[in-house]
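For the sequence shown, the residue numbers in mature numbering (1 follows the signal peptide of the UniProt record, and there is no 0) are -21 to -1, 1 to 195.
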Amino acid sequence: MEKALACVALLAVIPMSGAVAGGLTYTYVEGGFDRVDQSAETLGAQDPSGAYLRGSYALTPSLFVFGSYAERDDTSHHTVVLGSLDPFQTHTKMEQRATEAGLGVHAPMGERLDFVGELTYFNIDRDITFTVDGGEATHLSWRDLDGTSATVGLRGASERIEGWIKVGYRDSDDFRDHFIGALGAQYRFTGTWGVVAEWEESNELRRYRVGLRASF
């Protein structure tokens, strides 16, 4: 939570120039809270949460680049009983550093409705810290998870509210049943500033993001 608040504080120092009067823009920066609910053995049993930063920049009227970085962690506690020995506690902390970078294209389908296609590279760097009460911590580094995804969808806006929906395919040796979907929304309380929320679903994981966005 502290990292999420730090992201919001960082966004708060961005100048208010370049405000968007409404409609769609592909240049923005945002940050906030990030959580992943995991079901894949390759990802681990925990459901880490933390903070993220994400941004997008319009290269041309129809082409944009984007990227994001998130740090998440979760700690689980277990009681172990071995025969007649006294029970003892174990603590397992998972830490993730997730990076995404991609290229997108959009085409108008109406005054405030765009078709959007995105190609993304992703990487998840993972560490595990295992601790037994009264003992020293053991640190393990897992193999990075990486791959690409391709999505298509629609993005539309009114004066204050924006929404988007995406479906696509994730290509990676570490995931089963690669189809993914995402649904997001933004409420703009000024021309520049807005609150965003996004949900992403696949058979391997479910991700939630809530943050603050500055659009330009």
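For every residue, glycine included, the Cβ atom is placed at its ideal position computed from N, Cα and C.
Q | Which listed residue (A136, G147, Y5) has its alpha carbon closest to that of Y166 | A | A136
Q.
Shorter than 7 angstroms, the distance from the beta carbon of V44 to the closest heavy atom of the ligand MN, or not?
A. The ligand MN is not part of the structure shown, which contains no ligands of any sort.
Q) Are G173 and F12 close, meaning C-beta to C-beta below 8 angstroms? A) no
Q) From Q68 to R91, what distance separates their C-alpha atoms? A) 56 angstroms
Q) Can you tell me whether DSSP reads G96 as helix, strand or coil? A) strand
**Q.** Per-residue burial, L42 [other beta carbons within 10 Å of its own, 16 or more giving buried]
**A.** exposed
Q) DSSP on Y148, reduced to helix/strand/coil? A) strand
Q | For T78 and S55, the rounded distance between their alpha carbons | A | 24 angstroms
(Q) Quick check on DSSP: helix, strand or coil for A157? (A) A quick correction: the sequence has His, not Ala, at residue 157. Residue state, collapsed to three classes: coil.
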